[in-house]
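Peer 1:
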Amino acid sequence: MTSPALTLAVPARLRRRRARLGQWQGLLYIAPAMALVIVFFVIPVLFTFWMSFHDWPLLGQPEWIGLDNYVRLLTDNKFFTALKFTGYYTVITTIAIFIVAFPLAIFVEKQRRGAGLYRTVFFMPVVVGLATASLLWVWLANVDSGLIGPAIRMMGFGGKKVNLLATFDGAFWTIIVMVVWKVAGFTMIILLTGLQSIPTELNEAARIDGASRWQRFRRLTLPLMRRTIALALILSVTGSVLAFDQFYIMTSGGPQNRMISVVYYIFNQSFVSFHLGYGSALSIALLAILIVLSIVQLRLLRVGDDK
Amino acid sequence: MLKRLLATASVATLSLVSSASAADTINILVRTGIGAAFTGVVEAYNESHENQVALTEVPFAELVQKYATAIAGGQAPDALSLDLIYTPSFAAAGQLEDLTEWAHGLPYFDALAPSHVKLGTYDGKNYGLPLSVETSVFAWNKDLYQAAGLDPEKAPANWDEIEANAEKIRALGEDTYGFYFSGGGCGGCMIFTFTPLVWAEGKDILSEDAQTATLDTPEMRAAIDKYRSMVAKDLVPESAATDNGSNFLSFTNGKIGQQSLGAFSIGTLVNDYPDLHFGVTQIPGIVSGTSSFAGGDNIVVTKGTPRLEAVKEFIEYMYSPEAQKVFATNGSLPTRSDIAADVLKGLDPRLQVAVDAIATAKTPYTVLFNDLINSSNGPWATFINAAIYGDDVDAAFSDAQAEMQSIIDNAK
Amino acid sequence: MSAVARHRRQRQKFWGGFGYHAFGIGAALFFFAPFAWTGLASLRTGSEAQQPPLPPWPTQGVSFDTYAVLDTFGAGIWQHTLNSALVALATVVLTVIVSLLAGYGFSRYRFPLKNVFFVLIIATLMIPFQSILTPLFIILAKLGLNNSLVGLVLVYVTLQLPFSVFMMRNAFDAVPREIEEAARIDGARDLKLLVRVLLPLVMPGVATVAIFAFLNSWNEFLAALILLSDNDKYTLPVLMTAVRAGRLGAINWGAVQAGVMVMTIPCLAVFLILQRYYMRGLMAGAVK
C-alpha cells in the first residue's frame, strides 16, 4: 500500500497539533492495559499493603495493629532462614542455568547443519508449565515407580533403593536439574540474540590479530553482550526469588523444612497458619527486596548503554 | 466495613439466584477423593429428593485455603465436609452457623459420635456434626504372615512382636517389607497412626488444656526408637521417607506386611482389593494397652447461608438408617451408635474392630491443630521426619518442643 | 597445500563435525528424554504403570488404560480440556489486542506519566502472585466475575501484560517511523493505520506474545483452583492437582504420566507450529 520511498517531510504545524492530540490518543491506546493493571494488580497490591497493618486472620474479623507485623518480621528467624535458602537457591540455579545455557547458545549460533533442529529441541521443555514439569520429575525421581533410582540400581549400584527426594542434597539437586532442564532453553535464546548482535567482522579481526578463542570470548564477546546477559540475569533472578511450585510439588518443603522459600513461607503464613496480615507484610517486604535487586541489575544494564 | 459491604452485595446476588428455582441446590465443598461412602449418600439423596446436593471437590491440601478465600469473597458454599480437627478453629473465627438448637432437637443427638460432637462444640455451642467417623487400627497382611511362617490369624500384641514379625516378612524378598508409615512430612497421617502408641500409656503430646506442649516423654522416646530401629533395619520401604500422605495406603500393593491405617481403608481394601487378605486389630501401646485416633469429617454450615433449611434436610437424611447403611457398605463407620449394630449387620466383621476402637479413641482439641500438627511444615511433621530419619534425635525433640510451645504462646 | 595438510584438514573437519553432533545429540537427549520417556510409559497397561519405566516402552502391549484412569478424575478430561482451551484462547486474543494497543501507545506517543505507567505494568512481575490472591478474589467477587472463566481470563491477561507490553513496545520501536508517516499521508489514520499497515510488520512479536499467553494460561493452576469453584469449570491443571494428591491413599503414576502428556502435547504443538515466528519475535524483542 505504501512504501518508505514515499516518505515526505511533515509540516511543522501539523506535527505540533498532532503532538497535543497525541497526548490523549496515547493515553487512549494504553487505557485497556492500564485498566487491567489497576484493577487486577495495583488495587490488590494496595489492598495487600493495607492488610499488612492488620492482624488479619484468614477467617474472622481483622484488627488494626499498626506496624506490629513489620516489627515481628525483623525478629522472625524463620523468615530469615527462608530468605537465606532462597538466596542460596537463586545463586545456585542462576549459575547452573548460565553454565548450561551459554555453551548451548554458542553451540546453536554456529551456522551448521542441524543447528535449527538442536535449537528447537533444547527449547522444548520451556513450553511445559512449571507445575507439570515438577510433577513429571517427581515421577522420574520416585523411588519405586520412577526412572532415576531404579536405573541406578539396574546399573549395578545395588544395595538399598535410592530415594532421591529423602535427603536435602538429593532433593535440592534434583530440583536444580529439573529447573535447568526447563529454563536453560529460554536463557539460551536470549543469549543467542546477544551473540548474533556482535558483528562478525570484529571477531574475525581479533582472530587475525592472534587472539585465542578464550581471549576473544572474555575481551570481546562478554563485554559486548552485557545488556543481554543483564536481561537474562534479571529474568533468572526474579524467577528464582519467586520460586514456589517446585518446592511445593516436589518436596512439600522438606526434608525437615529445609526447602522453604520465601514465597512458600508467605503461602504458609497466609493459608496454613491463617495469618493473612503477616503474610501481606512479608509480601511487601519481598516486593521491596525484588525492586532493590532489579534496580541494582538495571544499573548493570545501563552500564552497557555507553558502549 | 468494606467486608460487610461486600458481604451484603454477595448475599443480594445469592438470593437472586436462589429465588429463581423452586428446588434448592446445596453446594457442599469436599476434599478430592472423599470416597464412595459420601458420594453414594449424596447420589441416593439426589434421587429421592427435590432439593439437590452439588459437590465441589478440592484437593485436601488446598481445601481450607479455598473455603476461607470463598468466605472472604462472599461466595462460600453452603456447607463443608471439614476434617473434624479444624472445627474448633473455624467456629472460633465466627464463620459457622450455630446449629445448637436444631441439633439438640434431633431424637438421636446423644447417639452421635461423641468425639465429633465434642470437636464440633465451641463455647458451649454446636457448630459441627459428624459426617464420617474414622478410627485408626493396625492391619497385617495374612498371606505374608503365612509365607513368613507366622500364624496369620494371630494379631501382634505389642511392638516388639511387630518388629520381630517385620523382620521375618522382610526376609521374604527384596520387595517385601515388614512395616509402612507416611514419614515425609505428613503430620495428619502420623497423628492418626503414631500417637496411639503413647496415648495407650496415658501420655499425650499436648496438655489437657492444649496450652503446654508435652512432647518429650520417655514413652514418646521409646516409640520413636521403635520406628527408628525398624527404619535402620531396612524393614520399611525407602518411599516412606518422602510420603507426604499421597501414598498413605501403600498396604494395598500387597508387599507390606503390617501398617496402621484407618477404618475407612478397611472399606477400600474390602471393596477394591478383594484379593488382599488382611487382619485388623487395635493399635498396641509402646508398652501396653491400646489406643486409637478418632478422626473423620464434621459437616459444618456456612454462617448465613440462605439454604439452611435444605442443608438441615440433607443432614437428617444423612443420619437415616438407609443412608447410614450406604456409609457402612463403603467402609465408613456408622455415625449413630443407636443403630450401629443394625447397620453393620451382614457387613465385614473387621469393621467391628474399628467400631470398638471408638471407646479408647482420642482426638486433640486445639484451635491450632493446623499449625501444630497438620501442616507439612509444622513442628509435628518436621519432628517425625527429623526424629525417625535424622541424625540427632535429641535436637529433634528439643526443637519441636520449643517450636510447638512458641506457636501456642504466640496465639494467646 | 600439500596432500598431507589437506588430508589433515579433512580429518579435522570430520572430527569437528563429529564432536559437534556428539555434543548436540547428547544435549538433545537430556532435553528430549523426559518427554519420550513419559509418552512411551503412558502407553503401558494399568498394571504395568506402577512399575519403573525400564524399558520405557510397553512390554505388555500398547494400551490407553492410563488415559482412561485420568478420565475418571473430576468431570473427565474432555470437559477440563475444553475449559482450558476456552480460557487459553480468550487469554490469547485479549492479550494480543490489549498489548498491541499499549505497545503502540508506548512506542509512538508522548503523554504525561508515560514512564510511571510503563514501570507499573512491568512491576506486575515483581510480586508473588500468591500474595495478592485474596484481594483478587474479593475484587472479582465484587465485579460479579467470581467463579467464572471470564474473571480467570482477565486475571491471566493482566499477568501476561508485563512481558507482552514490553515485547510489543520493542516491536513497534523497531518499525521505522517513515513507514507510518507515509501511510498517514496516504490517509490511513489511527486504528486503520495500526491494523492495515503496522500489524503485518510486528507479526513476529504478536506471535511471541500469543504463544506465551497460551502457554501460561494453559499451565496455571493456583489461580484457577482458588478463583473457580465448580467442578465443571475447573481447568486441566486443577485436574492435575487432584491426580497429584492421589486417591484412596495412593498416587496412580499412570494417571500422572497421562496427565503430563495431556498437559504437554498442546503446548508442544503450538510451539512447533509457530516456532518460526516465535524465535524471530523473541529475538527481536529481547535485543532491546
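These protein sequence lines are chains Y, G and D, in that order. So for the first sequence, the working numbering puts the first residue at 80; every next one is plus one. So for the second sequence, the working numbering puts the first residue at 6; every next one is plus one. So for the third sequence, the working numbering puts the first residue at 13; every next one is plus one. Where is the CB? At the ideal position from N, CA and C, for every residue including glycine.
Taking one C-beta from the region 339-348 of chain G and one from the region 38-58 of chain G each time, how about it: are there three or more such pairs within less than 8 angstroms?
Peer 2: Flag = no, the region 339-348 of chain G and the region 38-58 of chain G do not touch.
Peer 1: Got a sec? Which residues, its chain only, sit under 7 angstroms from Q91 (chain D) by beta carbon, not counting five neighbours each side?
Peer 2: Here residue 91 (chain D) corresponds to residue number 79 of the third sequence, with the count starting at 1. Only D244 meet the Cβ criterion.
Peer 1: Please indicate yes or no: does the CB of A153 (chain G) lie closer than 6 angstroms to some heavy atom of the ligand HEM?
Peer 2: The model depicted lacks the ligand HEM and carries no ligand whatsoever.
Peer 1: Listing by chain order, which chain D residues have their CB less than 8 angstroms from the CB of S255 (chain G)?
Peer 2: Along the second sequence, read from residue 1 onward, the residue named residue 255 (chain G) stands at position 250. Near S255 (chain G) (Cβ distances below 8 angstroms), the residues of chain D are G261 and A262.
Peer 1: Taking its Cβ as the centre, do 16 or more other Cβ atoms sit within 10 Å of A169 (chain G), making it buried, or is it exposed?
Peer 2: For the purposes of this step, residue 169 (chain G) is taken as the residue at position 164 of the second sequence. When all chains shown are included, A169 (chain G) counts as exposed.
Peer 1: My output table needs one value for I231 (chain Y): the three-state DSSP class, helix, strand or coil.
Peer 2: Start at 1 with the first residue of the first sequence, and residue 231 (chain Y) comes out as number 152. Of the three classes helix, strand and coil, the one that applies to I231 (chain Y) here is helix, per DSSP.
Peer 1: Would you list the one or two residues that DSSP bridges to Y185 (chain G)?
Peer 2: Indexing the second sequence from 1 puts residue 185 (chain G) at position 180. Paired residues: G:Q264.
Peer 1: Please go through the region 261-324 of chain G and give each complete alpha helix (DSSP H) segment of 4 or more residues, from N-terminal end onward.
Peer 2: Within the region 261-324 of chain G, the complete alpha helix (DSSP H) runs of at least 4 residues are 268-277 and 313-323.
Peer 1: With a cut-off of 8 angstroms on the beta carbons, I'd call T127 (chain Y) and S340 (chain Y) a contact; round off their distance for me.
Peer 2: Here the question's residue 127 (chain Y) lines up with position 48 in the first sequence. Here the question's residue 340 (chain Y) lines up with position 261 in the first sequence. Not confirmed; about 19 angstroms, so no contact.
Peer 1: Please give me, in chain order, every unbroken run of the beta strand (DSSP E) with length at least 3 that falls completely inside the region 86-157 of chain G.
Peer 2: Listed in chain order, the complete beta strand (DSSP E) runs (minimum 3 residues) inside the region 86-157 of chain G are 133-146.
Peer 1: Could you work out which residues of chain G lie near I339 (chain Y), taking near to mean beta carbons separated by less than 7 angstroms?
Peer 2: For this step, residue 339 (chain Y) is matched to residue 260 along the first sequence. Within 7 angstroms Cβ-Cβ: N382.
Peer 1: Taking the straight line between their C-alpha atoms, what separation do you get for G86 (chain D) and T37 (chain G)?
Peer 2: Locating residue 86 (chain D) in the third sequence gives position 74, where the first residue counts as 1. Locating residue 37 (chain G) in the second sequence gives position 32, where the first residue counts as 1. So the two alpha carbons sit approximately 9 angstroms from each other.
Peer 1: M409 (chain G) and A98 (chain G) - do their beta-carbons sit closer together than 7 angstroms?
Peer 2: The residue labelled residue 98 (chain G) in the question sits at position 93 within the second sequence. The residue labelled residue 409 (chain G) in the question sits at position 404 within the second sequence. Contact: no.
Peer 1: By the DSSP assignment, the alpha helix (DSSP H) with L113 (chain D) in it spans what residues?
Peer 2: Residue mapping note: residue 113 (chain D) aligns to position 101 of the third sequence, counting from 1. Per DSSP, L113 (chain D) belongs to the alpha helix (DSSP H) from I89 to R120.
Peer 1: Spell out the partners DSSP gives L34 (chain G) in its beta bridges.
Peer 2: As a working mapping, residue 34 (chain G) is identified with position 29 in the second sequence. In DSSP, L34 (chain G) forms a bridge with G:T61 and G:L85.
Peer 1: Using a C-beta cutoff of 7 angstroms, does N424 (chain Y) count as contacting chain G?
Peer 2: A query on residue 424 (chain Y) cannot be resolved here, the shown segment of chain Y reaching from 80 to 386 and no further.
Peer 1: If we ignore side chains and look at the alpha-carbon of each, how far apart do T317 (chain Y) and Q172 (chain D) end up?
Peer 2: For the purposes of this step, residue 317 (chain Y) is identified with residue 238 of the first sequence, where counting begins at 1. For the purposes of this step, residue 172 (chain D) is identified with residue 160 of the third sequence, where counting begins at 1. Computed Cα separation, rounded: 15 angstroms.
Peer 1: Buried or exposed for G273 (chain Y), going by 16 or more other Cβ atoms inside 10 Å?
Peer 2: Position 194 of the first sequence holds residue 273 (chain Y). Answer is buried; the Cβ neighbour count reaches 16.
Peer 1: Quick check on N390 (chain G) - is its C-beta less than 7 angstroms from some C-beta in chain Y?
Peer 2: What you label residue 390 (chain G) is simply residue 385 of the second sequence in a count that begins at 1. Yes, N390 (chain G) counts as interfacial toward chain Y.
Peer 1: What did DSSP end up calling E67 (chain G) once you bin it into helix, strand or coil?
Peer 2: The residue you call residue 67 (chain G) lines up with position 62 of the second sequence. Three-state DSSP puts E67 (chain G) in a helix.
Peer 1: Going by the CB atoms, is the gap between W265 (chain D) and S96 (chain D) shorter than 7 angstroms?
Peer 2: For the purposes of this step, residue 96 (chain D) is taken as residue 84 along the third sequence, with counting starting at 1. For the purposes of this step, residue 265 (chain D) is taken as residue 253 along the third sequence, with counting starting at 1. Cβ atoms of S96 (chain D) and W265 (chain D): not closer than 7 angstroms.
Peer 1: For F47 (chain D), which residues in the same chain have their Cβ closer than 8 angstroms to its Cβ, ignoring the five residues on either side in sequence?
Peer 2: As a working note, residue 47 (chain D) is residue 35 in the third sequence. Correct list, in chain order: T276 and L280.
Peer 1: Taking the alpha helix (DSSP H) that N162 (chain Y) falls in, what are its first and last residues?
Peer 2: Counting from 1 along the first sequence, the entry for residue 162 (chain Y) is found at position 83. The question names Asn, but residue 162 (chain Y) in the sequence shown is Leu. Element bounds for L162 (chain Y): N156 to E188.
Peer 1: Would you kindly check if the distance between the Cβ of N382 (chain G) and the Cβ of N347 (chain Y) is under 7 angstroms?
Peer 2: As a first step, residue 347 (chain Y) must be located in the first sequence, where it is residue number 268. As a first step, residue 382 (chain G) must be located in the second sequence, where it is residue number 377. Yes. Within cutoff.
Peer 1: Just to confirm the assignment, what range does the alpha helix (DSSP H) spanning D399 (chain G) have?
Peer 2: What you label residue 399 (chain G) is simply residue 394 of the second sequence in a count that begins at 1. Here the alpha helix (DSSP H) through D399 (chain G) covers V398 to A416.
Peer 1: Using a Cβ-Cβ cutoff of less than 6 angstroms, which residues in the same chain neighbour S75 (chain D) once the five nearest sequence positions on both sides are dropped?
Peer 2: The count along the third sequence starts at 1 and reaches residue 75 (chain D) at position 63. Result list for S75 (chain D): T57, in chain order.
Peer 1: Could you name the residues of the same chain whose beta carbon sits closer than 8 angstroms to that of D147 (chain Y), not counting the 5 residues immediately before and after it, in chain order?
Peer 2: Along the first sequence, one-based indexing puts residue 147 (chain Y) at 68. Only D134 meet the Cβ criterion.
Peer 1: For the region 54-79 of chain G, which residues have a CB atom closer than 9 angstroms to at least one CB atom of chain D, in sequence order?
Peer 2: Under the 9 angstroms Cβ criterion, the region 54-79 of chain G contributes A59, L60, T61, E62, V63, P64, F65, A66, E67, Q70, K71, A73, T74, A75, A77, G78 and G79.
Peer 1: Buried or exposed, going by whether 16 or more other CB atoms sit within 10 Å of the CB of E321 (chain G)?
Peer 2: If you number the second sequence from 1, residue 321 (chain G) lands on position 316. With fewer than 16 other Cβ atoms within 10 Å, it is exposed.
Peer 1: How long is the line joining the alpha carbons of V138 (chain G) and A161 (chain Y), rounded to whole angstroms?
Peer 2: Locating residue 138 (chain G) in the second sequence gives position 133, counting from the first residue. Locating residue 161 (chain Y) in the first sequence gives position 82, counting from the first residue. About 38 angstroms.
Peer 1: What's the C-alpha gap between V398 (chain G) and E142 (chain Y)?
Peer 2: Here residue 398 (chain G) corresponds to residue number 393 of the second sequence, with the count starting at 1. Here residue 142 (chain Y) corresponds to residue number 63 of the first sequence, with the count starting at 1. Those two C-alpha atoms are separated by around 40 angstroms.
Peer 1: For Y121 (chain D) and E67 (chain G), what's the separation of their Cα atoms in angstroms?
Peer 2: By 1-based counting over the third sequence, the position of residue 121 (chain D) is 109. By 1-based counting over the second sequence, the position of residue 67 (chain G) is 62. When rounded, the distance between both Cα atoms is 46 angstroms.
Peer 1: Measure the Cβ-Cβ separation of I196 (chain G) and I378 (chain G) and say whether it is below 7 angstroms.
Peer 2: For the purposes of this step, residue 196 (chain G) is identified with residue 191 of the second sequence, where counting begins at 1. For the purposes of this step, residue 378 (chain G) is identified with residue 373 of the second sequence, where counting begins at 1. Against a cut-off of 7 angstroms, the Cβ pair of I378 (chain G) and I196 (chain G) comes out as a contact.
Peer 1: When you compare the CB of L237 (chain D) with every CB in chain G, is at least one pair closer than 7 angstroms?
Peer 2: Taking the first residue of the third sequence as position 1, residue 237 (chain D) is located at position 225. It does; some Cβ of chain G falls within 7 angstroms.
Peer 1: Which term fits M273 (chain D), buried or exposed, when burial requires 16 or more other beta carbons within 10 angstroms of its beta carbon?
Peer 2: Counting from one through the third sequence, the residue named residue 273 (chain D) turns up at place 261. Result: buried.
Peer 1: If you count every other CB in all the chains shown that lies within 10 Å of the CB of Q140 (chain Y), and 16 or more means buried, which is it?
Peer 2: In the first sequence, the residue the question calls residue 140 (chain Y) occupies position 61. Exposed: under 16 other Cβ atoms inside 10 Å.
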